[in-house]
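Chemist: So the sequence shown is numbered by the UniProt record's numbering: it starts at 1 and just counts up by one. Ideal Cβ placement from N, Cα and C applies to all residues, glycine included. Owing to the predicted nature of the structure, the values given are computational and were not obtained by experimental measurement.
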Amino acid sequence: MEVISNYPAPEQVGPAFSVDFMRVAQHHSWAVLSQIAAAIKPGMTEAIARQLAKDLLQQSGVERLWHPVIIRFGQNTCKIYSEPSEKDTVLQENDIFFIDLGPVYGGHEGDVGATFVVGNNTEQQQCATAAQQLFERVRRHWLVAQCSGSELYQFAEQQAAALGYELNLAIKGHRLCDYPHKLYAGGNLGDFDGTPRPGVWVLEIQIKHPTLPIGAFYEDVLLQESVLLDEVDLLDKSVSPAVIQS
């Protein structure tokens, strides 16, 4: 196990930091996210879904949340974390939603987000899938090109356009490490001029549909071997990273 405490700013970490522990925290985070996604059903409000998520997080043995549970339905999937949802939004029979979790396991901060679809709307399914595909393209570019954080988001914007979507640059990634990373605030990944180190940055991808009032979101920690949602042992086999059959 590699323990590192001497990263220079803006990539400074705490004395207990371990990339291995970050990977474990991400695995636990993805596992509980898959359970939450499987439990969300049409007819629920976002408030009900958030409470459901909190209950499942507690059952998972989470130590704390470093950011509140964020769940967006329908048109609210175009909004970023700081924007309020349209009130009393209810998940429809054919609809899209995303989940964003920030749990702490083993003293290390997880941060995962993914988009799901209920029903059989092709445009929604394609949008949800595109967000994950875009994330993986950008992660692989980071591995190969060893570029800066700012160049990484320039690449992400180009690739989003190539897929037919608009990248939401209001969110451009952020720091993460052993709790609490806010002691070592390092700004946005998209503004970082250095080559991002593994395990200390979250790559956030949010796209907007070109014509419909929907978006899709996907995020994970930048690791050399990413802990992707479809690699987690899903408890409900009807759930995939993009589609839930209602």
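#1: Whose C-alpha, out of Val202, Leu65, Ser34, is nearest the C-alpha of Pro224?
#2: Please confirm whether Leu134 and Tyr81 have their CB atoms less than 9 Å apart.
#3: So the candidates are Glu157, Gly187, Thr195, Ala38; which of them puts its Cα closest to the Cα of Phe97?
#4: Per DSSP, which residues does Gly175 bridge with? Please list them.
#5: Which whole runs of the alpha helix (DSSP H) in the UniProt domain "Peptidase M24" (21–176) are 4 residues long or more, in chain order?
#6: Kindly confirm or deny that the stretch 52–59 and the stretch 68–82 touch, where touching means at least three C-beta pairs closer than 8 Å.
#7: Quick check on Gly215: does DSSP put it in helix, strand or coil?
#8: Near residue 251, what residues of its chain come up, given a Cβ to Cβ distance below 7 Å and the 5 sequence neighbours on each side ignored?
#9: Can you give the Cα-Cα distance for Leu167 and Gly190, rounded to whole angstroms?
#10: Which word fits Lys182, buried or exposed, when buried means at least 16 other C-beta atoms lie within 10 angstroms of its C-beta?
#11: Under the rule that 16 or more other beta-carbon atoms within 10 Å means buried, what is Glu93, buried or exposed?
#12: Put Val19 into one of helix, strand or coil per three-state DSSP.
#13: Does the beta-carbon of Arg23 have 16 or more other beta-carbons within 10 angstroms, so that it is buried, or is it exposed?
#14: Between the C-alpha atoms of Phe21 and Gly106, what's the straight-line distance to the nearest angstrom?
#15: Using C-beta distances below 7 Å, list every residue in its chain close to Glu11, excluding the 5 sequence neighbours before and after it, in chain order.
Modeler: Reading from the atomic positions:
#1: Taking the sequence shown and counting its residues from 1, the one referred to as residue 224 is at position 224. Per the sequence shown, the amino acid found at residue 224 is Gln instead of Pro. The shortest C-alpha separation from Gln224 is found at Val202.
#2: Looking up residue 134 in the sequence shown gives position 134. Looking up residue 81 in the sequence shown gives position 81. Their beta carbons are not under 9 Å apart, which means Leu134 does not touch Tyr81 by this criterion.
#3: Residue mapping note: residue 97 aligns to position 97 of the sequence shown, counting from 1. Among Glu157, Gly187, Thr195, Ala38, the Cα nearest to that of Phe97 is on Ala38.
#4: The sequence position of residue 175 within the sequence shown is 175, counting from 1. Strictly speaking, residue 175 in this sequence is Arg, with Gly absent from that position. Arg175 is bridged to Trp201.
#5: 46–59, 122–145, 149–163
#6: yes
#7: On the sequence shown, residue 215 is found 215 positions in, with the first residue counted as 1. Note: Gly215 maps to strand in three-state DSSP.
#8: The structure shown has nothing for residue 251, since the chain only spans 1 to 246.
#9: Within the sequence shown, the letter at position 167 stands for residue 167. Within the sequence shown, the letter at position 190 stands for residue 190. Those two C-alpha atoms are separated by around 12 Å.
#10: Position 182 of the sequence shown holds residue 182. Looking at its Cβ environment, which holds fewer than 16 other Cβ atoms inside 10 Å, Lys182 is exposed.
#11: The sequence position of residue 93 within the sequence shown is 93, counting from 1. Under this definition Glu93 is an exposed residue.
#12: The sequence position of residue 19 within the sequence shown is 19, counting from 1. Here Val19 sits in helix by DSSP.
#13: Residue numbering aside, residue 23 sits at position 23 when the sequence shown is read from its first letter. Looking at its Cβ environment, which holds 16 or more other Cβ atoms inside 10 Å, Arg23 is buried.
#14: Reading the sequence shown from its first residue, position 21 is the one you call residue 21. Reading the sequence shown from its first residue, position 106 is the one you call residue 106. Looking at the two C-alpha atoms, the distance is approximately 7 Å.
#15: Stepping through the sequence shown from its first residue, residue 11 is reached at position 11. So the list reads Gly186, Arg197, Val200, once near-sequence residues are dropped.
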